[in-house]
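Enquirer: Pasting in a structure now, in C-alpha cells, and then I'll have a few things to ask.
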Amino acid sequence: MLLQVTGDCIFVTIMAHSGNRKVRVRFAPSPTGPLHMGGVRTALYNYLFARQHQGDFILRIEDTDRNRWVPGAEEYIIESLRWCGILPNEGVGFGDGPHAPYRQSERQSIYRHYAEQLVQSGHAYYAFDTPEELEKKRKELESGGSAFAYNAANRQLLVNSLTLSADDCSARIADGEHYVIRLKIPEQDTIVLHDLIRGEVAVESGQLDDKVLFKGDGMPTYHLANVVDDYLMNISHVIRGEEWLPSAPVHVLLYRFLGWEKNMPQFAHLPLLLKPDGNGKLSKRDGDRMGFPVFPLQWTDPATGEVSSGYRENGYYPEAFVNVMALLGWHPADDQELFSMDELIRTFSLERVHKSGAKFDPEKTRWFNEQYLRKTKDTELAFRLSERLITMFGFKKGDRQLSDTFLLKAVHLLKERVQFESEMTEKAAYLFVRPDEFDQQVIAKKWKQERESFFRKLLDAYASMTSFDEQSCEAVFQETAQSEGIKAGEVLQLFRVFLSGQGGGVRLFGMAELLGKDEVRLRLEAALEMIKHRSVV
Numbered sequence: 215m216l217l218q219v220t221g222d223c224i225f226v227t228i229m230a231h232s233g234n235r236k237v238r239v240r241f242a243p244s245p246t247g248p249l250h251m252g253g254v255r256t257a258l259y260n261y262l263f264a265r266q267h268q269g270d271f272i273l274r275i276e277d278t279d280r281n282r283w284v285p286g287a288e289e290y291i292i293e294s295l296r297w298c299g300i301l302p303n304e305g306v307g308f309g310d311g312p313h314a315p316y317r318q319s320e321r322q323s324i325y326r327h328y329a330e331q332l333v334q335s336g337h338a339y340y341a342f343d344t345p346e347e348l349e350k351k352r353k354e355l356e357s358g359g360s361a362f363a364y365n366a367a368n369r370q371l372l373v374n375s376l377t378l379s380a381d382d383c384s385a386r387i388a389d390g391e392h393y394v395i396r397l398k399i400p401e402q403d404t405i406v407l408h409d410l411i412r413g414e415v416a417v418e419s420g421q422l423d424d425k426v427l428f429k430g431d432g433m434p435t436y437h438l439a440n441v442v443d444d445y446l447m448n449i450s451h452v453i454r455g456e457e458w459l460p461s462a463p464v465h466v467l468l469y470r471f472l473g474w475e476k477n478m479p480q481f482a483h484l485p486l487l488l489k490p491d492g493n494g495k496l497s498k499r500d501g502d503r504m505g506f507p508v509f510p511l512q513w514t515d516p517a518t519g520e521v522s523s524g525y526r527e528n529g530y531y532p533e534a535f536v537n538v539m540a541l542l543g544w545h546p547a548d549d550q551e552l553f554s555m556d557e558l559i560r561t562f563s564l565e566r567v568h569k570s571g572a573k574f575d576p577e578k579t580r581w582f583n584e585q586y587l588r589k590t591k592d593t594e595l596a597f598r599l600s601e602r603l604i605t606m607f608g609f610k611k612g613d614r615q616l617s618d619t620f621l622l623k624a625v626h627l628l629k630e631r632v633q634f635e636s637e638m639t640e641k642a643a644y645l646f647v648r649p650d651e652f653d654q655q656v657i658a659k660k661w662k663q664e665r666e667s668f669f670r671k672l673l674d675a676y677a678s679m680t681s682f683d684e685q686s687c688e689a690v691f692q693e694t695a696q697s698e699g700i701k702a703g704e705v706l707q708l709f710r711v712f713l714s715g716q717g718g719g720v721r722l723f724g725m726a727e728l729l730g731k732d733e734v735r736l737r738l739e740a741a742l743e744m745i746k747h748r749s750v751v
C-alpha cells in the first residue's frame with residue numbers, strides 16, 4: 215500500500231496484493247438482533263477470500279452500543295455461521311487466537327488509550343455539549359437558514375476543548391461532567407481511497423461530521439473501535455457492506471492520525487441486497503411480510519415474542535442457501551450456478567463482485583434447494599423420510615411403509631417432484647396412507663356410469679397379475695381400456711384420483727407399483743363403493 219500526501223489531498227493507493235502480508239479478514243456483526251442474510255453474505259465472502267489465500271477468518275463481536283444489545287443475538291450469530299458452514303478459525307465461539315478477547319465490550323480499556331492519544335496529538339477533542347445545548351444550537355442555525363452539523367464549520371460555536379481553556383476542561387472532567395471525544399476532521403482535505411470493488415472514491419472533508427470516537431459511558435463508537443481492532447488484529451482486508459462506504463474516509467483519517475498508514479487494510483464494500491422488485495434494500499422487516507425468510511435461522515424476539523421464519527426451519531439445505539448467497543453480487547467467469555463450498559473457495563474473487571445492488575429472487579432460491587435435493591443420495595432421503603413418517607403417521611418397525619424397498623421407491627418417485635424434503639409427506643401423503651378425500655371436480659367432470667364396468671374389469675385383471683411392476687400395470691390398464699372400447703386417456707385421471715385422492719402427482723403407474731397389488735385393489739374398491747353411494751359427488 216502506498217500513501218501520498220500532496221497539499222491538502224490525501225491519496226491512498228491500495229495494491230491488489232499486500233506483498234507478503236498474510237491475509238486476515240474479519241466478520242464483525244453487532245448483536246442487536248438476528249443475523250440478516252446480507253450479513254451472511256458478508257461473512258461468506260470474507261470466509262471464501264481467507265480460505266482461498268490460506269489466511270485467517272475472524273469472528274469479532276462489536277457490542278459497544280450496549281443500548282441496542284439484544285439477549286441471544288450473539289448465540290444466534292454463532293449458530294447461523296455453524297449451520298452455513300462458514301467457520302471462523304479464530305474468534306467468539308470458535309476459539310481464542312493471539313488477539314483475544316474478540317468482544318469489544320471486553321476490550322474497553324484499549325480504546326480509551328487511543329482516543330486520548332488522538333486528543334494529545336490534536337486530532338480529536340473533548341466535547342461537553344448537553345443534548346439540550348445541541349438542540350438549541352440546531353434550532354438557532356436552522357432559523358437562520360443553515361443546517362446544523364457538529365463539524366469544522368460549527369465546532370468553534372460549541373462547548374468543547376477547542377473553545378474552552380485547558381484548565382476549564384480539566385476541571386469539568388475532574389468533576390465528572392459528561393463528555394465525548396470527537397474526531398477533528400480537517401477543514402479542506404480531499405480524501406481519496408481505492409476500493410477493490412468500486413475503484414477510486416473521493417470525499418471532501420467538509421462533507422464529514424466530527425464523529426464521536428469515545429462515548430460518555432466509557433465505550434468507543436464503531437469508528438474508533440473497528441479501526442483500533444483491525445490494526446491490533448493485523449487485518450489485511452476489510453470486506454463489508456456498502457452501508458459502511460461513507461465511513462471509510464473517516465477510517466482512513468484515523469489510520470493516518472494514529473500513524474498506521476503502512477498497516478491500513480484494503481477496503482472492499484459489497485453491493486446492497488435488494489428486494490425482489492429491485493425497489494430498495496432488503497431489510498429485516500421485509501421477511502415474512504413478503505413471503506420468504508430473510509434470516510438463516512428462525513428468530514424469536516425476546517422482547518415481543520414475535521417469531522420470524524428462518525431458512526433452516528423452512529427446509530432449505532445450508533449448501534443451497536450458501537450457494538444463493540454467493541451469487542448475490544458475485545458472478546463467476548462462466549455461467550456455472552451450482553457450487554460446493556470447495557468450488558466457491560477456488561473460484562471466488564473480489565474482482566468479479568458487482569458494484570450495483572443484487573436483487574433477491576425467492577423463486578430462484580427455491581430452485582436451488584430443489585437442485586440440491588436431487589443431488590442428495592436416495593438412501594439419505596429415505597432415512598429422513600422414515601423419521602417423518604413415524605412422526606406424522608405413527609408407523610412402527612415392521613410396517614411396510616418403513617421398509618427400505620418401499621422408502622427407496624417412494625423417494626425415487628418424489629425426488630423429481632418436490633423442492634423440499636418436507637413436501638414428500640406434505641404433498642404426497644397418499645403414498646403412505648389411504649386418502650379420505652377425493653378431487654370432486656375431476657370426478658364430476660370425468661365420471662360416467664359406464665366407467666364402472668372398466669374399473670371392475672381392471673380390478674379383476676390386476677387380481678390375476680403375478681408381477682405388479684410399473685410397466686405391467688400400465689400395459690394391463692391399456693389392454694383393459696381397449697377391450698372396453700374406450701381410450702385410456704379418458705379414465706387415467708379418474709384412476710389417479712381413486713388411488714391418491716388428487717388430480718395430479720407422481721408417475722401414476724409408478725405409484726401403483728409402490729402401493730402394490732393388494733393396496734391398489736383396496737383403494738379402487740373403496741372408491742367405487744363411495745361413488746356408488748354418491749358420497750363424493
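Take the sequence shown: its letters are residues 215 to 751, numbered as in the numbering used here. Positions of the beta carbon are idealized from the N, C-alpha and C atoms, including for glycine.
Looking only at DSSP bridge pairs, what is Y158 linked to?
Expert: The chain is shown from 215 up to 751; residue 158 falls before or after that span and cannot be answered.
Enquirer: Would you be able to state if there are at least three C-beta pairs under 8 Å between the stretch 390 to 397 and the stretch 419 to 430?
Expert: yes
Enquirer: According to DSSP, simplified to helix, strand and coil, what is Q480?
Expert: strand
Enquirer: Just verifying my parser: in three-state terms, what is the DSSP assignment at A257?
Expert: helix
Enquirer: Can you give the Cα-Cα distance for G311 and E304, rounded to whole angstroms?
Expert: 5 Å
Enquirer: Among the candidates L599, L542, V417, M606, whose CA atom is the shortest distance from the CA of K578?
Expert: L542
Enquirer: Go ahead and pull the three-state DSSP assignment for G358.
Expert: coil
Enquirer: Return the CA-CA distance between S384 and D431, expressed in angstroms with no decimal places.
Expert: 18 Å
Enquirer: Relative to the C-alpha of N368, which candidate in A695, D556, Q421 has its C-alpha closest?
Expert: Taking each of A695, D556, Q421 in turn and checking the Cα distance to N368, the smallest one comes out for Q421.
Enquirer: Label S419 either buried or exposed according to how many other C-beta atoms from any shown protein chain fall within 10 Å of its C-beta, with 16 as the threshold for buried.
Expert: Around the beta carbon of S419, 16 or more other beta carbons sit within 10 angstroms, so the residue counts as buried.
Enquirer: With H, G and I counted as helix, E and B as strand and the rest as coil, what does DSSP make of W474?
Expert: coil
Enquirer: Alpha carbons only, please: which of E651, R238, V237, T377 is nearest the one belonging to R710?
Expert: E651
Enquirer: On the three-state DSSP scale, how would you describe V415?
Expert: Here V415 sits in strand by DSSP.
Enquirer: Of the choices S360, M555, S335, L496, whose alpha-carbon is the least far from that of W575?
Expert: The sequence as given places Asp at residue 575; Trp does not occur at that position. Residue L496 is the option with its Cα nearest to D575.
Enquirer: Measure how close the beta-carbons of L372 and K353 come, nearest whole angstrom, since I'm counting them as under 8 Å.
Expert: About 14 Å separates the two Cβ atoms, so there is no contact after all.
Enquirer: What would DSSP say about R631, mapped onto helix, strand or coil?
Expert: coil
Enquirer: Ends of the alpha helix (DSSP H) at H437?
Expert: Start and end: 436 to 446.
Enquirer: Only counting the same chain, and skipping five residues up and downstream in sequence, which positions put a Cβ closer than 8 Å to that of D381?
Expert: The beta carbon of D381 lies closer than 8 Å to none in the same chain, with the five residues before and after it left out.
Enquirer: Measuring CB to CB, does W249 end up less than 8 Å from F582?
Expert: Residue identity check: residue 249 is Leu in the sequence provided, not Trp. Cβ atoms of L249 and F582: not closer than 8 Å.
Enquirer: According to the neighbour-count rule (16 or more other Cβ atoms, all chains shown, within 10 Å of its Cβ), is C223 buried or exposed?
Expert: A caution first: C223 carries a pLDDT of 41, below 50, which makes its placement in the model too unreliable to give a value.
Enquirer: When the distance is taken between beta carbons, is A329 closer than 8 Å to A338?
Expert: yes
Enquirer: Would you identify the three-state DSSP class for D732, choosing helix, strand or coil?
Expert: helix
Enquirer: Please report the straight-line C-alpha distance between E586 and L729, rounded to a whole angstrom.
Expert: Looking at the sequence provided, one finds Tyr at residue 586 rather than Glu. Straight-line measurement puts the Cα of L729 at about 27 Å from the Cα of Y586.
Enquirer: Would you mind giving the Cβ-Cβ distance between F620 and E684, rounded to the nearest angstrom? I have them listed as a contact below 8 Å.
Expert: Rounded, the Cβ-Cβ distance is 14 Å, inconsistent with contact.
Enquirer: Going by Cα to Cα distance, which pick from K701, F241, I453 is closest to S563?
Expert: I453
Enquirer: What is the rounded straight-line gap between the Cα of P315 and the Cα of R321?
Expert: 7 Å
Enquirer: Cβ atoms of L603 and R255: under 8 Å apart, would you say?
Expert: no
Enquirer: Applying the criterion that 16 or more other CB atoms from any shown protein chain within 10 Å of the CB defines a buried residue, is N493 buried or exposed?
Expert: Burial call: exposed.
Enquirer: Which residues mark the beginning and the end of the alpha helix (DSSP H) in which G455 is found?
Expert: It is not in any alpha helix (DSSP H) - G455 instead sits in the beta strand (DSSP E) that spans 451 to 455.
Enquirer: Short of 8 Å in beta carbon distance, which residues of its chain neighbour Q512, apart from the five on each side in sequence? Order them along the chain.
Expert: V521, S522, S523, G524, R526, E527
Enquirer: Given this structure, state the Cα-to-Cα distance separating V226 from A416, to the nearest angstrom.
Expert: Note that V226 scores 38 on pLDDT, short of 50, meaning its location in the model is unreliable and no value can be drawn from it.
Enquirer: Of the choices L410, H747, R614, D732, whose alpha-carbon is the least far from that of V567?
Expert: L410
Enquirer: Rounded to whole angstroms, what's the CA-CA distance from L407 to L438? Just pull it up for me.
Expert: 19 Å
Enquirer: R240 and I272 look like a contact to me (Cβ under 8 Å); what is the Cβ gap, rounded to whole Å?
Expert: 4 Å
Enquirer: Which class does R648 belong to by DSSP, given the choice of helix, strand or coil?
Expert: coil
Enquirer: CB-CB under 8 Å to L355, same chain, minus the five flanking residues each way: which ones, in chain order?
Expert: A361, F362, N368
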